[in-house]
Amino acid sequence: MMVFWAILALVVGVIVAVGLARMLGSSERAVSGSHNPQALSVVGSALLSSFILVTAFLIASTWSTYNTDRQHTYDEARSVTTAYWLAGKLQPADRDRVRAGLSMYTDQVIADDWPAMGRHQTSDTAAATLDALRVEVGAIKPATAADEQDRADVSAALDDLYSKRLIRAADVNYSMPSLLYLALVIAAVLLVAYPPLVGLTANLRNTVVLAGLGAMVGLGILIVIGLSHPYSEPLSIAPTAFRHALQQFTQING
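Using this note's numbering, you'd call the opening residue of the sequence shown number 1271 and step up by one each time.
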């Protein structure tokens, strides 16, 4: 899937660049070659610097957010594993119910939450499972003070898991300001359109070079958009942390 989106971005960039070359590279100024080299150099450098500045800022910002969101999934997975381990201190019947609920929640995060997060939503089913589990642990009636402490430990672990889930839900709905994307697109179009606009003729060699520029610009825009939506294609974060948690459940049981 990642290869498909990368190829699509390259193709779109090439089409835009070639189209601009054909439209603007056939003008009278382009054919005659009349231009001011000093002025063109200044303007061209300014356009290139603008695109690099906007792209670098967006990639740095979205990459940081992307890594933070991925780290949050591992934090939540560690919380569910901790709760699963602490549930082993409960009485056998309570332990089995709580661990079964945690396994169900983890399965639902993978099967239900992840597809929903690609649509900037979270699964109501997984949320309901976690809420019911917290209520169930709160309703346990320990026979001794030691049992009460064990129940309190599990309850605190579930509260921590709930907080981590809320953080992940907030990550899903975060997005970069639209104005930044608009600035990126405008800078990209001006950068690709500038050479034919000021005199680059639309011959085969120049068109191929401009197509390469358009492809790289398109790929840069794809990277920015992909990183800014970490749970959607083409750079979506996988539920690896929760799959690993399920493996740890098996190890704990063993």
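No residue lacks a Cβ here, since even glycine has one placed at the ideal position from N, Cα and C. What you are looking at is a predicted structure, and each value in this text was computed from that prediction instead of being measured.
Residues near residue i in its chain [Cβ-Cβ closer than 6 Å; skip 5 each side]
| i | result |
| --- | --- |
| Asp1345 | Lys1434 |
| Leu1431 | Ser1349, Val1350, Ala1353 |
| Ala1386 | Thr1392, Ser1393 |
| Ala1363 | none |
| Glu1418 | Pro1412 |
Residue j beta carbon less than 8 Å from that of residue i
| i | j | result |
| --- | --- | --- |
| Val1368 | Ala1381 | no |
| Gln1378 | Thr1392 | no |
| Val1459 | Leu1480 | no |
| Asp1366 | Pro1500 | no |
| His1514 | Ala1370 | no |
| Thr1510 | Arg1438 | no |
| His1390 | Val1442 | yes |
| Phe1512 | Thr1376 | yes |
| Thr1335 | Val1494 | no |
| Asp1429 | Lys1359 | no |
| Ser1506 | Ser1445 | no |
| Val1286 | Gly1482 | no |
| Leu1403 | Leu1450 | no |
| Trp1384 | Ile1522 | no |
Proximal residues to residue i (C-beta, below 7 Å), its chain only, five neighbours per side dropped
| i | result |
| --- | --- |
| Gly1408 | Ser1425 |
| Val1487 | Gly1283, Ala1458, Leu1461, Val1462 |
Cut-off 8 Å between Cβ atoms - residues of its own chain near residue i, not counting five sequence neighbours on either side
| i | result |
| --- | --- |
| Gly1388 | Tyr1501, Ser1502, Glu1503, Ser1506 |
| Leu1318 | Leu1461 |
| Ile1329 | Gly1490, Ile1493, Val1494, Leu1497 |
| Ala1397 | Arg1435 |
Chain D contact for residue i (CB, 8 Å cutoff)
| i | result |
| --- | --- |
| Ala1386 | Of the protein chains in this structure there is only one, and it is not chain D. |
The stretch 1446 to 1464 / the stretch 1323 to 1331 touching (three or more Cβ pairs under 8 Å): Here the stretch 1446 to 1464 lies against the stretch 1323 to 1331, with 3 or more beta-carbon pairs under 8 Å apart.
In chain order, each alpha helix (DSSP H) run of at least 4 residues that lies wholly inside the stretch 1393 to 1455: 1394 to 1408, 1415 to 1442
Completely contained beta strand (DSSP E) runs for the stretch 1453 to 1519, where each covers 3 or more residues: As far as the stretch 1453 to 1519 is concerned, it has no whole beta strand (DSSP E) run of at least 3 residues.
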